[in-house]
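For reference, the structure is listed below as structure tokens.
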Amino acid sequence: MAHRRGRAGIGALKKKGETSKFTKKAEEIKTTSLKSAMETVKQLEIKLTKFAKAHHKTIAKDPAFRHKFLSMCAPLGVDPLTTKKSFWSFLQMGDFYHELAVKVAEVCFAYRSRNGGIMSIKEVQSVLLRRGTKFRLNEVVTNYSADDIVVAIGKLKQLGSGFRTVKVGGTQMILSVPTELDNDHVQVIQLAQNAGGGITLNSVSDMIGWEDDRVKRAMDLLLSEGMAWIDRYEGLEYYWFPSVWKDSFVM
Amino acid sequence: MSDSFKFPEFYSFPPFFTIQPNLATREKQMGLWRELILSYHTSLKIKTLIVHDCPLWKNDQIGRELNPDDVKTVMNDFVKSGHGEWEDDTKTRCRILWRKPEQLAADIYTWAEANGYINSVCTVYELHSGEDVNGMSFEGADEQLLRRALAILEQKGKCTMFKGDSSSEDGIKFF
């Protein structure tokens, strides 16, 4: 395209001080887009609140439905768990998840000396079930799912408690200690999970192909954290993980 | 005999039979052994643990056992915790104290205060089988264990013992 001389072109505009007109227009367009975006979000929020009002009973009773509802809230930046007085307080979700978080934390603390601070969500659920712990949501005793526990842990995490989830293979685990577990550690635990019992340092190198140093480093940490226990049998050393040994293992 | 005792799940956890090198884990492990020894002997009403005869050290179902050194470690920890007492220096027979003598001593003195036995006398028999002791932790207690508890109180100056016509008629004066 040929440069035009004279009146058109940024250079010319700059010269003529007409950039201000363009800046103004650009701002106008930005404001309008933002306005319409905000309008859309507002509309969606209204739809969401109508939905919540109409279905609050199902949200309270059905964990799967509740999970879907929460996933609708997230992208809109709506937090029905907020404890501040807001429209969403009528759902009483804040209280429910707070209660759940407290109980989950209690179980994790109680079992920490046995498993080193790593525990599967499934095991936490079975402990709560065995204890007969019940939760109420909106005056109704409700079932709670693994997803609910994940949300509750999320709340704990927000409070800076050091609680977080980590995935070992297909299993969701809760970490209740500040220990940093890196991929190496998770892989070792997963190996033990797959093996369904104790593993030796050699079996780890055989299966994943790491050098001995790397295996030992990972295992030493897990041992020092109390997440692994050692088993000396017929001249060999096996490492067992209480958190993945047996589905219903309770020590 | 062992069929009437329900073994806890950790008894099938192979590492339970290896003394753990990690301190915190070992603490947990020793606690579990103490619990096991106490509950096993209490539920089967066995008063004395004979170290070389004790069936707890070996679990054939998982093919694991504590080696003799480890047994010593576990037993020393058990006795140290106050729940066991060696009959003699050979350390072969251990009396199981399901209630620690210190705890019984405290319970006895509290009871004595509450029932007006301060500056008064009662017999050893009355302490384990008297009418006043219904529901107390030392009701029906083994006389040996009671005497251990009373010795603790004596040491603290909270009571004094004197001989009766028979051992169960031995008297205790509380202060």
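Residue numbers (the working numbering), protein chains in the order written: chain A, 23 to 273; chain B, 265 to 439.
The C-beta atom is built at its ideal place from N, Cα and C for all residues, glycine as well.
For residue i, the residue or residues it bridges with in DSSP
i	result
Arg-158(A)	Val-163(A)
Phe-438(B)	Ile-382(B) and Cys-423(B)
Trp-251(A)	Trp-262(A)
Arg-186(A)	Leu-197(A)
Residue i (DSSP reduced to helix, strand or coil)
i	result
Asn-216(A)	helix
Cys-423(B)	strand
Arg-357(B)	strand
Phe-271(A)	Only weak support exists for where Phe-271(A) lies, its pLDDT of 48 falling under 50; the value from the coordinates is given anyway. Reduced to three states, the DSSP call for Phe-271(A) is coil.
Leu-330(B)	coil
Leu-258(A)	strand
Lys-322(B)	strand
Gly-399(B)	coil
Leu-313(B)	strand
Ile-416(B)	helix
Ser-266(B)	Residue placement at Ser-266(B) is poorly supported in this model, since its pLDDT is 49, which falls under 50; the coordinates are not used for a value here.
Asp-406(B)	coil
Asp-242(A)	helix
Gln-180(A)	helix
Gln-293(B)	helix
Thr-282(B)	coil
Tyr-304(B)	helix
Ser-430(B)	coil
Phe-274(B)	helix
Glu-49(A)	helix
Thr-41(A)	helix
Pick from the options that is closest to residue i, judged by C-alpha positions
i	options	result
Val-126(A)	Phe-112(A), Lys-144(A) and Ser-135(A)	Lys-144(A)
Lys-69(A)	Phe-131(A), Phe-91(A) and Lys-79(A)	Phe-91(A)
Glu-273(B)	Ile-314(B), Gln-325(B) and Pro-332(B)	Gln-325(B)
Gly-238(B)	Tyr-389(B), Gly-421(B), Pro-332(B) and Gly-404(B)	Chain B is shown from 265 up to 439; residue 238(B) falls before or after that span and cannot be answered.
Asn-224(A)	Glu-259(A), Lys-72(A) and Leu-203(A)	Glu-259(A)
Thr-104(A)	Gln-209(A), Phe-73(A), Gln-180(A) and Phe-157(A)	Gln-180(A)
Met-294(B)	Thr-306(B), Pro-279(B), His-305(B) and Leu-308(B)	Pro-279(B)
Pro-365(B)	Gly-348(B), Leu-287(B) and Lys-437(B)	Gly-348(B)
Asp-253(A)	Met-425(B), Lys-344(B), Ile-314(B) and Arg-328(B)	Arg-328(B)
Ala-250(A)	Lys-107(A), Gly-220(A) and Ala-76(A)	Gly-220(A)
Pro-102(A)	His-89(A), Gly-116(A) and Ser-93(A)	Gly-116(A)
Asn-165(A)	Leu-244(A), Thr-80(A), Glu-247(A) and Ala-214(A)	Thr-80(A)
Gly-346(B)	Phe-439(B), Leu-409(B) and Phe-426(B)	Leu-409(B)
Phe-281(B)	Val-335(B), Phe-271(B) and Ile-360(B)	Val-335(B)
Ile-416(B)	Cys-318(B), Gln-367(B), Ser-431(B) and Arg-359(B)	Gln-367(B)
Gly-139(A)	Arg-186(A), Gly-154(A) and Thr-155(A)	Arg-186(A)
Gly-248(A)	Asn-286(B), Pro-332(B) and Leu-361(B)	Asn-286(B)
Asp-396(B)	Ile-372(B), Ile-360(B) and Ile-310(B)	Ile-372(B)
Leu-244(A)	Ile-230(A), Ile-211(A), Asp-234(A) and Gly-218(A)	Ile-211(A)
Leu-113(A)	Val-199(A), Thr-71(A) and Asp-235(A)	Thr-71(A)
Chain-ordered chain B contacts of residue i [CB-CB under 8 Å]
i	result
Leu-213(A)	Ordered by position in chain B, no residue passes the 8 Å Cβ test against Leu-213(A), which lies about 17 Å from the chain.
Arg-239(A)	Simply none; closest approach about 16 Å.
Gly-220(A)	Pro-278 and Pro-279
Trp-110(A)	Correct list: empty, because the minimum Cβ distance to chain B is about 43 Å.
Trp-267(A)	Phe-277
Interface residues of chain B facing residue i [CB-CB closer than 7 Å]
i	result
Asp-253(A)	Pro-278, Pro-279 and Thr-282
Gly-139(A)	Correct list: empty, because the minimum Cβ distance to chain B is about 11 Å.
Contact set between residue i and chain A, taken where Cβ atoms lie within less than 8 Å
i	result
Arg-328(B)	Asp-253 and Tyr-255
Under 7 Å by beta carbon: chain A residues contacting residue i
i	result
Thr-289(B)	Gly-248 and Trp-251
Lys-292(B)	Ser-135 and Arg-136
Neighbouring residues, chain B, relative to residue i (Cβ below 9 Å)
i	result
Leu-245(A)	Gln-284, Pro-285, Asn-286 and Thr-289
Trp-262(A)	Phe-277, Pro-278 and Pro-279
Closer than 9 Å at the beta carbon, the chain A residues around residue i
i	result
Phe-270(B)	First, the amino acid is wrong: residue 270(B) is Lys here, not Phe. Residues of chain A passing the Cβ test: none, with the nearest at roughly 13 Å.
Extract the residue ranges of the alpha helix (DSSP H) inside the segment 188-239 of chain A, only unbroken runs of 4 or more that lie entirely within it. 205-217 and 223-230
Any chance you could list the alpha helix (DSSP H) runs of at least 4 consecutive residues sitting entirely within the segment 336-394 of chain B, in chain order? 365-378 and 388-393
Jot down the residue ranges of each uninterrupted beta strand (DSSP E) in the segment 51-83 of chain A, minimum 3 residues, whole runs only, in chain order. none
Identify every run of the alpha helix (DSSP H) within the segment 84-169 of chain A, keeping only runs that are complete inside it and at least 4 residues long; order them along the chain. 85-95, 115-137 and 143-153
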